[in-house]
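Following: one structure in C-alpha coordinates, then a few remarks.
Numbering (the working numbering), first residue to last: 571 to 765.
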(Lines of atoms letter the chains of each structure in order from A and count residues from 1; the text may use other names and numbers.)
(Lines give C-alpha, C1' and ligand atoms only; values in the text may rest on other atoms or scores of the structure.)
Protein backbone atom coordinates (compact mmCIF):
# COMPACT_ATOMS: atom_id res chain seq x y z
CA UNK A 1 0.00 0.00 0.00
CA UNK A 2 1.32 3.46 -0.84
CA UNK A 3 0.22 6.18 1.53
CA UNK A 4 1.76 9.17 -0.18
CA UNK A 5 0.63 9.41 -3.76
CA UNK A 6 0.52 11.91 -6.57
CA UNK A 7 -2.14 14.51 -5.94
CA UNK A 8 -4.25 13.55 -8.95
CA UNK A 9 -4.30 9.91 -7.82
CA UNK A 10 -5.11 10.60 -4.16
CA UNK A 11 -8.92 10.11 -4.36
CA UNK A 12 -8.69 6.76 -6.17
CA UNK A 13 -5.83 5.47 -4.06
CA UNK A 14 -7.43 6.42 -0.77
CA UNK A 15 -10.52 4.41 -1.72
CA UNK A 16 -8.34 1.30 -1.90
CA UNK A 17 -6.73 2.03 1.47
CA UNK A 18 -10.10 2.81 3.07
CA UNK A 19 -11.32 -0.60 1.95
CA UNK A 20 -8.21 -2.18 3.50
CA UNK A 21 -8.94 -0.47 6.84
CA UNK A 22 -12.56 -1.63 6.80
CA UNK A 23 -11.51 -5.21 6.02
CA UNK A 24 -8.82 -5.13 8.69
CA UNK A 25 -11.35 -3.97 11.28
CA UNK A 26 -13.86 -6.62 10.19
CA UNK A 27 -11.19 -9.32 10.54
CA UNK A 28 -10.20 -8.11 14.01
CA UNK A 29 -6.81 -6.72 13.02
CA UNK A 30 -5.21 -3.77 14.74
CA UNK A 31 -4.19 -1.92 11.61
CA UNK A 32 -2.17 -1.65 8.44
CA UNK A 33 1.60 -1.35 8.45
CA UNK A 34 3.34 0.60 5.71
CA UNK A 35 6.47 2.56 4.91
CA UNK A 36 6.19 6.01 3.36
CA UNK A 37 6.20 4.26 0.00
CA UNK A 38 6.44 7.26 -2.27
CA UNK A 39 10.18 7.31 -1.59
CA UNK A 40 10.99 3.99 -3.22
CA UNK A 41 12.89 5.58 -6.11
CA UNK A 42 16.42 6.82 -5.56
CA UNK A 43 17.23 10.48 -5.82
CA UNK A 44 20.84 9.49 -6.47
CA UNK A 45 20.48 7.81 -9.87
CA UNK A 46 20.91 10.33 -12.68
CA UNK A 47 19.36 11.42 -14.90
CA UNK A 48 16.15 10.73 -12.96
CA UNK A 49 14.43 13.86 -11.77
CA UNK A 50 11.86 13.26 -9.03
CA UNK A 51 8.44 14.81 -9.57
CA UNK A 52 8.63 16.78 -6.30
CA UNK A 53 11.14 18.10 -3.82
CA UNK A 54 11.62 16.20 -0.53
CA UNK A 55 9.60 18.92 1.21
CA UNK A 56 6.74 18.49 -1.25
CA UNK A 57 6.89 14.70 -0.78
CA UNK A 58 6.51 15.22 2.97
CA UNK A 59 3.53 17.53 2.44
CA UNK A 60 1.83 14.91 0.27
CA UNK A 61 2.56 12.22 2.87
CA UNK A 62 1.13 14.37 5.68
CA UNK A 63 -1.98 15.11 3.60
CA UNK A 64 -2.53 11.44 2.75
CA UNK A 65 -1.99 10.38 6.37
CA UNK A 66 -4.54 12.97 7.47
CA UNK A 67 -7.18 11.66 5.08
CA UNK A 68 -6.43 8.00 5.75
CA UNK A 69 -5.91 8.53 9.48
CA UNK A 70 -9.46 9.82 9.84
CA UNK A 71 -10.82 6.77 8.05
CA UNK A 72 -8.65 4.41 10.11
CA UNK A 73 -9.92 6.09 13.27
CA UNK A 74 -13.55 5.65 12.19
CA UNK A 75 -12.84 1.94 11.68
CA UNK A 76 -11.00 1.55 14.99
CA UNK A 77 -7.70 0.53 13.38
CA UNK A 78 -4.24 2.02 13.09
CA UNK A 79 -1.92 3.14 10.34
CA UNK A 80 1.49 1.92 11.48
CA UNK A 81 4.22 3.91 9.73
CA UNK A 82 7.50 2.02 9.42
CA UNK A 83 10.74 3.97 9.04
CA UNK A 84 13.05 2.33 6.51
CA UNK A 85 16.76 2.96 6.13
CA UNK A 86 18.00 5.57 3.68
CA UNK A 87 19.05 2.92 1.15
CA UNK A 88 15.42 1.82 0.76
CA UNK A 89 13.48 5.04 1.25
CA UNK A 90 14.18 8.77 1.43
CA UNK A 91 11.00 9.84 3.20
CA UNK A 92 10.93 8.47 6.75
CA UNK A 93 14.13 6.93 8.09
CA UNK A 94 14.02 7.31 11.88
CA UNK A 95 11.49 6.76 14.63
CA UNK A 96 11.50 10.51 15.35
CA UNK A 97 10.65 11.26 11.71
CA UNK A 98 7.80 8.74 11.85
CA UNK A 99 6.53 10.19 15.13
CA UNK A 100 6.39 13.63 13.51
CA UNK A 101 3.53 12.30 11.34
CA UNK A 102 1.51 10.99 14.31
CA UNK A 103 -0.97 13.86 14.22
CA UNK A 104 -3.90 11.71 15.36
CA UNK A 105 -4.43 8.67 17.58
CA UNK A 106 -4.89 6.37 14.58
CA UNK A 107 -1.34 6.95 13.31
CA UNK A 108 1.43 5.10 15.11
CA UNK A 109 4.93 3.83 14.35
CA UNK A 110 6.75 0.54 13.88
CA UNK A 111 10.23 0.00 15.27
CA UNK A 112 12.39 -2.32 13.18
CA UNK A 113 15.72 -3.27 14.72
CA UNK A 114 17.39 -3.76 11.34
CA UNK A 115 16.55 -0.28 10.08
CA UNK A 116 17.18 1.27 13.50
CA UNK A 117 20.68 -0.23 13.48
CA UNK A 118 21.43 1.75 10.32
CA UNK A 119 19.62 5.02 11.04
CA UNK A 120 19.39 5.61 14.79
CA UNK A 121 22.38 7.11 16.61
CA UNK A 122 21.16 5.45 19.82
CA UNK A 123 18.43 2.85 19.21
CA UNK A 124 17.52 2.60 22.90
CA UNK A 125 17.15 6.37 23.26
CA UNK A 126 15.03 6.42 20.10
CA UNK A 127 12.76 3.71 21.51
CA UNK A 128 12.34 5.67 24.73
CA UNK A 129 11.49 8.89 22.90
CA UNK A 130 9.05 7.18 20.52
CA UNK A 131 7.52 4.88 23.16
CA UNK A 132 4.06 6.51 23.33
CA UNK A 133 3.68 6.05 19.58
CA UNK A 134 5.06 2.52 19.09
CA UNK A 135 2.39 0.07 17.95
CA UNK A 136 4.58 -2.78 16.72
CA UNK A 137 8.17 -4.03 16.78
CA UNK A 138 9.94 -6.08 14.11
CA UNK A 139 13.17 -7.82 14.99
CA UNK A 140 16.11 -8.97 12.95
CA UNK A 141 19.86 -8.71 13.23
CA UNK A 142 22.24 -6.09 11.92
CA UNK A 143 22.82 -8.39 8.92
CA UNK A 144 19.06 -8.99 8.36
CA UNK A 145 19.37 -12.56 9.61
CA UNK A 146 17.76 -13.96 12.76
CA UNK A 147 18.60 -12.42 16.15
CA UNK A 148 21.87 -13.72 17.55
CA UNK A 149 23.79 -13.82 14.27
CA UNK A 150 24.96 -10.21 14.20
CA UNK A 151 26.08 -7.46 16.54
CA UNK A 152 22.89 -5.88 17.93
CA UNK A 153 22.69 -5.40 21.69
CA UNK A 154 19.56 -7.44 22.31
CA UNK A 155 19.83 -7.17 26.07
CA UNK A 156 19.73 -3.36 25.92
CA UNK A 157 17.03 -3.04 23.26
CA UNK A 158 14.65 -5.59 24.77
CA UNK A 159 15.24 -4.18 28.27
CA UNK A 160 14.38 -0.74 26.89
CA UNK A 161 11.14 -2.02 25.40
CA UNK A 162 10.28 -3.59 28.75
CA UNK A 163 11.16 -0.37 30.61
CA UNK A 164 8.87 1.76 28.42
CA UNK A 165 6.01 -0.71 28.90
CA UNK A 166 5.83 -2.11 25.38
CA UNK A 167 3.55 -5.14 25.62
CA UNK A 168 2.94 -5.85 21.95
CA UNK A 169 4.35 -8.55 19.74
CA UNK A 170 7.93 -8.91 18.58
CA UNK A 171 7.57 -9.98 14.96
CA UNK A 172 10.50 -11.85 13.46
CA UNK A 173 11.22 -10.24 10.07
CA UNK A 174 14.47 -11.69 8.82
CA UNK A 175 16.27 -14.16 6.65
CA UNK A 176 17.14 -17.42 8.34
CA UNK A 177 20.71 -18.60 8.41
CA UNK A 178 20.31 -22.37 8.54
CA UNK A 179 17.58 -24.99 8.54
CA UNK A 180 14.31 -23.37 9.73
CA UNK A 181 13.41 -26.42 11.82
CA UNK A 182 16.61 -25.91 13.80
CA UNK A 183 17.06 -22.14 13.57
CA UNK A 184 13.55 -21.02 14.58
CA UNK A 185 13.51 -22.78 17.98
CA UNK A 186 17.07 -21.53 18.61
CA UNK A 187 16.02 -17.99 17.74
CA UNK A 188 12.99 -18.15 20.03
CA UNK A 189 15.22 -19.38 22.88
CA UNK A 190 17.77 -16.64 22.15
CA UNK A 191 15.15 -13.87 22.28
CA UNK A 192 13.38 -15.31 25.34
CA UNK A 193 16.53 -15.11 27.44
CA UNK A 194 16.32 -11.30 27.18
CA UNK A 195 12.60 -11.00 27.94
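Built from N, CA and C at the ideal position, the CB exists for glycine as well.
Contact check, residue 735 vs residue 707, beta carbons under 7 angstroms
no
Can you look up residue 656 in the DSSP assignment and give me helix, strand or coil?
coil
Taking the C-alpha atoms as reference points, what is the distance between residue 741 and residue 764?
15 angstroms
Short check: CB of residue 653 to CB of residue 665, under 7 angstroms?
yes
Based on DSSP bridge pairs, tell me the residues matched to residue 706.
680
Three or more C-beta pairs closer than 8 angstroms, one from the stretch 655-670 and one from the stretch 692-710: is that the case here?
yes
Tell me, to the nearest whole angstrom, how far the beta carbon of residue 651 is from that of residue 606; I am working on the premise that it is less than 8 angstroms.
7 angstroms
Whole runs of the alpha helix (DSSP H) within the stretch 682-751, excluding any shorter than 4 residues
683-689, 693-700 and 724-733
Own chain, CB closer than 7 angstroms to residue 714, minus 5 neighbours either side, in chain order:
684, 744 and 745
Presumed contact (8 angstroms Cβ cut-off) between residue 712 and residue 718, rounded CB distance:
At roughly 11 angstroms, the Cβ-Cβ gap does not stay under 8 angstroms, so residue 712 and residue 718 are not in contact.
Rounded C-beta distance between residue 691 and residue 661? I'm assuming under 8 angstroms.
Between residue 661 and residue 691 the Cβ distance is about 19 angstroms, and since that is not below 8 angstroms, they are no contact.
Identify whether residue 565 lies in helix, strand or coil by the three-state DSSP scheme.
The requested residue 565 does not occur in the structure, where the chain is confined to residues 571 to 765.
Cut-off 8 angstroms between Cβ atoms - residues of its own chain near residue 556, not counting five sequence neighbours on either side
Residue 556 falls outside the range modelled here, since the chain spans only 571 to 765, and no answer is possible.
On a Cα-Cα basis, can you pick out the residue from 670, 630, 636 and 686 that is closest to residue 655?
686
Cα-Cα separation, residue 747 to residue 644:
42 angstroms
Rounded straight-line distance, which links the Cα of residue 752 to that of residue 631
42 angstroms
C-beta contact flag for residue 716 and residue 757 at 7 angstroms
yes
Cβ of residue 722 within 7 angstroms of Cβ of residue 671?
no
Closest to residue 738 by C-alpha separation, out of 591, 679 and 694, would be which residue?
679
If you drop the 5 nearest sequence neighbours on each side, which residues of the same chain put their C-beta closer than 6 angstroms to that of residue 761?
717
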